[in-house]
Amino acid sequence: MRRWWAAAVLCLAGHALWVAAGGAQPEPRRPHFTDIAPKSTFAYRTDNNFTGRKYFPQTMCGGVAAFDFDNDGRMDLFFTNGAKLPELQKTDARFYNCLLRNRGDGTFEDVTARAGLLGKDLGFSFGVAAGDYDNDGYEDLFVCNAGRNTLYHNNGDGTFTDVTERSGIGTKPKDVLSVAAAWFDYDNDGLLDLIVSNYTVWTPQTDKICAVNGQEYYCHPKVYPSVAHRLYHNLGNGRFEDVTDSSGFGKELGKGMGVAIADFNGDGYMDVFVANDTVRNFLFINQKNGTFKEAGYEWGVAYDENGNAHSSMGADAKDYDNDGWPDLFYNNLKGQIWGLFRNIGGKYMNYASGMSRVSRLSAHSSGWSNGFIDYNNDGWKDLYSSNGDIDNMGQISRQPDTMFENVDGKEFRDVSAQLGPDFNHAGFQRGSAFVDLNNDGFMDLVVTSLDEKPRIMINSADNGNHWLLVNTIGRRSNRDGIGASLKLTTASGRTLYNHVTTSDGFMSSSDKRVHFGLGTEKAIESLEIRWPSGIVQNLKKVKADQILTVTEPER
Amino acid sequence: MTTLTSFPSQPLSIPATTLCLIVCLLASPLGGQQPAASSDTLLQHAIALHQAGDLDGAIRAYREYLAAEPDSVQARSNLGAALARTGRYDEAIAEYDRALRKSPDNPALLLNLGLAYYKTGHHAEAAARFERAVSLSPQFKEQVTLLLAVCYNNLGRYKESVSLLASLEKDKAGDPGFDYIYGTALIGDGQDAAGTAVINRILSRGDSAEARLLRGTLELSAHDRDNARADLEKAIALNARLAGAHARLGELLLSQGESERARAAFAQELALDPGEFTSNLNMGVLAKEDQDYVEARRYFERALRARPNDPGIRYQLANVDLATGNPEQARQALEALLAESPDFAEAHATLATVYYRLHRSADGDRERAVSEKLMDRRDALQTGAKSR
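Just so you know, the sequences run in chain order A and B. Residue numbers in the first sequence follow this note's numbering, run continuously in steps of one, and reach 581 at the last position. Residue numbers in the second sequence follow this note's numbering, run continuously in steps of one, and reach 870 at the last position.
So this is what it looks like as structure tokens:
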């Protein structure tokens, strides 16, 4: 009897082996994410002041920036917060913005008050963009608000100063909601300029009430007017000029959400994509003379394939198929189709949501912030989205985030369920930043959710893949090196592409260091950097698994 | 996922009077219109077989007679009726067509041909024959009104359907078939209050799949998705073969992001009626989203057969042309479409992209301007709040 039992087990084992040998390829080992926020003491939770009355901007709350404010080599975190409504003021501490200093031991210290970033005098804050606009080596912050926008200058001593008024960057039409922004140097003069994505004109007093059968819901965007996004030209000496009208941005009225910056046509000048909510998307192609041409139609990204403008939310522009051209992604609401567009030789974009399976994977999720992130360091940029419904009325309003893993640059598969319970937390997720918080070469995730503390999720970094992080320091170019394009060639000849930007997703600003996953390869044959100044720098035989600081050469 | 609107395509319950009309016309040979050829025993034999219910025998006899007398309208018409009675509608249509070539203004022939088209789901062709029959013989109006209204509903011509039925409401209200067809038309035409009154009238007689479908349709258009789902699922529970119910549920599921379940619902609808418009349209859109353009084209072409010349479907087909690398073909299709539907904003937008792709920038700029103007005008007309 005992022998028979043993034989049966052997038989079963043999069958299992046969299935493994003849079946699908074994699944790769995947890193997972663990939320370390509970280890730290801080008061911040994303508070949109929802108390029953549904004010239009409440759906957009919880911007996040990952940046190293104190230059200690560890990335810190900044969060924006809402305001008391209808007062539109941060009447008490629960609405304050928040700066968390990375202690380097897995905990964060709340240094907001000391840094002068509480924002007590601000209204409802939305997006945030980090960038060193004055090239002094310290990252500054721009905060988008209902009410006046704010430029904070990093003083280099752990404090910030509100320089909005004297910078000239605070100009915008009355009552415009500014929701997101991106730093970039559009004229390659070595100074970071700023594009601000504006949504509409709104005040608590003009807020509309929308209801069905007595139940209030958040109004459809169509009931609010579209507005122009604004471009600010950095004049140097801490001064900015509003060039919205002269640059061509003023002609196009939208309901701006996420902003993505990339050189889509490879002419050495950065272009701007703005995802608009229920209005066609804009692709502003840099004309290299201080003006932009809106070319969403020409590039095929204004509408979806049915000619419809959806609720475009966050946006990111990176090269997901490693062909050397930055592609484009935006997410939108459940029942719509997230837009993945493949750049065809810098001439136009082809819709790629279907062939890549993004259309099928995304149909059930309402996405907000997002971005291309090579979370497993295999050299292919995956697609992350922070999800959650607009409203709280449906049965599946609270949603988990999604990670669509890039399979050889051709298609994506949903691996969210395998990334751990913290990743799969269901909520009304909004902002997100990609950042290597512990400098282990694997990208971590910081995500805000309405009425919750943020999740600070550390990548388990346990699949053995190799990596490189490149910290660019411009000299003739802007000091951050934003806009620099990088081409990495491994020892086996594999080429990977990326570029420097802090803006991705929605309301958020990510680690400016350029991340490359290298898979199993340990050797990098070359790294080519094309700086915004036009200087091309070539590095040979670069060691993998390091944070490489590269300073722009003089010529 | 799709913005193209659609409504229940075909009611389950055609009213009893209308059913009677179909049976009578298809069963009865045109004996009363026989030629005076008393020697024509073969034809008499065929008619006798037909009247006795020996349809196969009658068909053989009619064909034998027609071999010798191919121009006999009566024999060919009767042959068509016998074929239709046996469910061989395509053959019947061919015989009716041949008879009509000899007698183009024969209202009874037109009516029978219309019925054969109706039975095969060719509502545009059926409507055209019914309209012509009534114009030739107004006495047919009462007999074909409901059938014509069903055709109009299926073709998305709800306004014409309402116009046809409104005058009958006083007499017909309370007739289950009439109420359903009229309710479908009213809701399709956006007359929600009047549609609700009809739904309530149906429900006053007890719960019914038809009433649930109508109410679910109304709720779906009002974005009241939870109630729409409950009503549509109940409609299917009450009658899983109710035409249009699975299609409507599919639309709801699509709007909820449940695309796989939506696919299954549309497939169920198409299993009941392979030509159903909404399901073919949405399956085409889903296939297009998957970039399975061959499959998308197949569905769109089937939808176009259900609603010939439908601008939305023609637009989708042009999009398939563009997506498959045929901008020149897309240009021709869009230009033809816009010549007939100049206010189709999305088509102007796509044509702008096509022109840019063809390096015709000035034309692209023009189409872009037209598109934006039309969309702005449409937005301005959208007063009042709505949910997403």
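Note that beta-carbon positions come from the ideal geometry of N, C-alpha and C, so glycine has one too. None of the values given here were measured: they were computed from a predicted structure.
(message) Between alanine 827 of chain B and chain A, is the shortest Cβ-Cβ distance under 9 angstroms, so that the two count as touching?
(response) Closer than 9 angstroms to some Cβ of chain A, the Cβ of alanine 827 of chain B qualifies, so yes.
(message) Short of 8 angstroms in beta carbon distance, which residues of its chain neighbour proline 793 of chain B, apart from the five on each side in sequence? Order them along the chain.
(response) Excluding sequence neighbours, proline 793 of chain B sits near Leu819, Glu822, Ser823, Phe826 and Ala829.
(request) Within its chain, find whatever has a CB closer than 7 angstroms to the CB of valine 441 of chain A; leave out the 5 residues flanking it on each side and keep chain order. (result) Once the five neighbours on either side are set aside, the close Cβ partners of valine 441 of chain A are Arg56, Met429 and Glu431.
(request) Count the other C-beta atoms from every protein chain shown that fall within 10 angstroms of the C-beta of alanine 443 of chain A, then say buried if there are 16 or more, exposed otherwise. (result) Classification of alanine 443 of chain A: exposed, given that the 10 Å Cβ count is below 16.
(message) Any contact between the region 182-189 of chain A and the region 554-565 of chain A? By contact I mean 3 or more CB pairs, one from each, below 8 angstroms.
(response) Verdict: no, contact absent.
(request) Examine the ligand FAD and report whether any of its heavy atoms sits within less than 8 angstroms of the Cβ of isoleucine 370 of chain A. (result) The ligand FAD is not part of the structure shown, which contains no ligands of any sort.
(message) For asparagine 560 of chain B, would you say it is in contact with chain C, using Cβ-to-Cβ distances shorter than 9 angstroms as the test?
(response) Absence of chain C from the displayed structure is noted, the protein chains being A and B.
(message) Do valine 836 of chain B and glutamine 798 of chain B count as a contact pair if the criterion is CB distance below 9 angstroms?
(response) Cβ atoms of glutamine 798 of chain B and valine 836 of chain B: not closer than 9 angstroms.
(message) Taking the beta carbon of isoleucine 416 of chain A as the centre, do at least 16 other beta carbons fall within 10 Å, making it buried, or is it exposed?
(response) Buried.
(message) Against chain B, which members of the region 387-410 of chain A pass a CB distance test of less than 9 angstroms?
(response) Under the 9 angstroms Cβ criterion, the region 387-410 of chain A contributes Ser388, Ala389, His390, Ser391 and Ser392.
(message) What would DSSP say about lysine 319 of chain A, mapped onto helix, strand or coil?
(response) Lysine 319 of chain A falls in the strand class under three-state DSSP.
(request) For methionine 381 of chain A, return the contacting residues in chain B, with the cut-off set at a CB-CB distance below 7 angstroms. (result) Think of a sphere of 7 angstroms around the beta carbon of methionine 381 of chain A: the chain B residues whose beta carbon falls inside it are Gln773, in chain order.
(message) Using the three-state DSSP reduction, which class does tyrosine 410 of chain A fall into: helix, strand or coil?
(response) Here tyrosine 410 of chain A sits in strand by DSSP.
(request) Just tell me which of A:Ala208, A:Asp530, A:Trp557 and A:Val526 has its CA closest to the CA of phenylalanine 6 of chain A. (result) A query on residue 6 of chain A cannot be resolved here, the shown segment of chain A reaching from 27 to 581 and no further.
(request) Evaluate the contact criterion for the region 783-790 of chain B versus the region 806-813 of chain B: three or more CB pairs, one atom per stretch, below 8 angstroms. (result) Touching, no, given that fewer than three Cβ pairs across the two stretches are closer than 8 angstroms.
(message) Just to make sure I have the definition right: I need the residues of chain A whose C-beta is within less than 7 angstroms of the C-beta of lysine 770 of chain B. Which are they?
(response) Here the neighbours are Glu331.
(request) Sort out for me which residues DSSP pairs isoleucine 482 of chain A with in a bridge. (result) DSSP, once it has assigned bridges, lists A:Val472 as partnering isoleucine 482 of chain A.
(message) Using only CA atoms, which one of B:Gln621, B:Gly672, B:Ser619 and B:Asp653 lies nearest to glycine 638 of chain B?
(response) Closest option to glycine 638 of chain B, Cα to Cα, is B:Gly672.
(request) Please classify valine 776 of chain B: is it buried, with 16 or more other beta-carbons within 10 angstroms of its beta-carbon, or exposed? (result) Looking at its Cβ environment, which holds fewer than 16 other Cβ atoms inside 10 Å, valine 776 of chain B is exposed.
(request) Give the residues of chain B in contact with asparagine 504 of chain A, contact being defined as C-beta atoms less than 7 angstroms apart. (result) Scanning chain B for C-beta atoms nearer than 7 angstroms to the C-beta of asparagine 504 of chain A yields nothing, as the closest lies near 32 angstroms away.
(request) State yes or no: is the beta carbon of glutamate 267 of chain A nearer than 9 angstroms to at least one beta carbon in chain B? (result) For glutamate 267 of chain A, the answer is no, since every Cβ of chain B falls outside 9 angstroms of its Cβ.
(message) Does phenylalanine 759 of chain B come out as helix, strand or coil in the three-state DSSP assignment?
(response) In this structure, phenylalanine 759 of chain B counts as helix in the three-state DSSP scheme.
(message) Can you pull the chain B neighbours of lysine 436 of chain A, defined as C-beta to C-beta under 9 angstroms?
(response) In chain order: nothing, as chain B lies at least about 12 angstroms away.
(message) Quick check: what's the CA-CA separation for proline 352 of chain A versus alanine 286 of chain A?
(response) Near 11 angstroms, if we compare the C-alpha coordinates of alanine 286 of chain A and proline 352 of chain A.
(request) Can you give me the start and stop residues for the alpha helix (DSSP H) that asparagine 594 of chain B sits inside? (result) It spans 589-601 - the alpha helix (DSSP H) in which asparagine 594 of chain B sits, taken as one unbroken run.
(message) Here's the rule: buried if 16 or more other CB atoms are within 10 angstroms of the residue's CB, otherwise exposed. What is serine 853 of chain B?
(response) A residue is called buried when at least 16 other Cβ atoms come within 10 angstroms of its Cβ; serine 853 of chain B meets this threshold and is buried.
(request) Would you tell me roughly how many angstroms separate the C-alpha atoms of aspartate 219 of chain A and asparagine 497 of chain A, rounded to the nearest one? (result) Near 20 angstroms, if we compare the C-alpha coordinates of asparagine 497 of chain A and aspartate 219 of chain A.
(request) Reducing DSSP to helix, strand and coil, say where cysteine 124 of chain A ends up. (result) DSSP places cysteine 124 of chain A within a strand segment (E or B) once states are collapsed to three.
(request) Compare the C-beta of asparagine 239 of chain A with all C-beta atoms of chain B and state if any pair is closer than 9 angstroms. (result) Chain B, which has a Cβ nearer than 9 angstroms to the Cβ of asparagine 239 of chain A, makes this yes.
(message) Please give the ranges of any alpha helix (DSSP H) in the region 75-145 of chain A, keeping only runs that are unbroken, at least 4 residues long and fully inside the region.
(response) Counting whole runs of 4 or more residues, the region 75-145 of chain A contains the alpha helix (DSSP H) stretches 138-141.
(message) Could you compute how far the alpha carbon of glycine 48 of chain A sits from the alpha carbon of histidine 390 of chain A?
(response) Any reading at glycine 48 of chain A must be qualified, since the residue scores a pLDDT of 43, below 50, and its modelled position is unreliable; no value is offered.
(message) Does any residue of chain B have a CB that is nearer than 9 angstroms to the CB of arginine 306 of chain A?
(response) Yes, its Cβ sits closer than 9 angstroms to a Cβ of chain B.
(request) Excluding the 5 residues preceding and the 5 following serine 554 of chain B in the sequence, name in chain order all residues of the same chain whose CB lies nearer than 8 angstroms to its CB. (result) These residues qualify, in order along the chain: Pro517, Leu525, Tyr547 and Leu548.
(message) If you measure between the beta carbons of leucine 591 of chain B and serine 585 of chain B, is that distance less than 9 angstroms?
(response) The answer is yes: Cβ separation under 9 angstroms.
(request) On a CA-only basis, which of B:Glu742, B:Gln750 and B:Ser741 is nearest asparagine 721 of chain B? Give me that one, please. (result) Of B:Glu742, B:Gln750 and B:Ser741, the residue nearest in Cα terms is B:Gln750.
(message) At the level of alpha carbons, what is the spacing between asparagine 315 of chain A and glycine 372 of chain A?
(response) So the two alpha carbons sit approximately 19 angstroms from each other.
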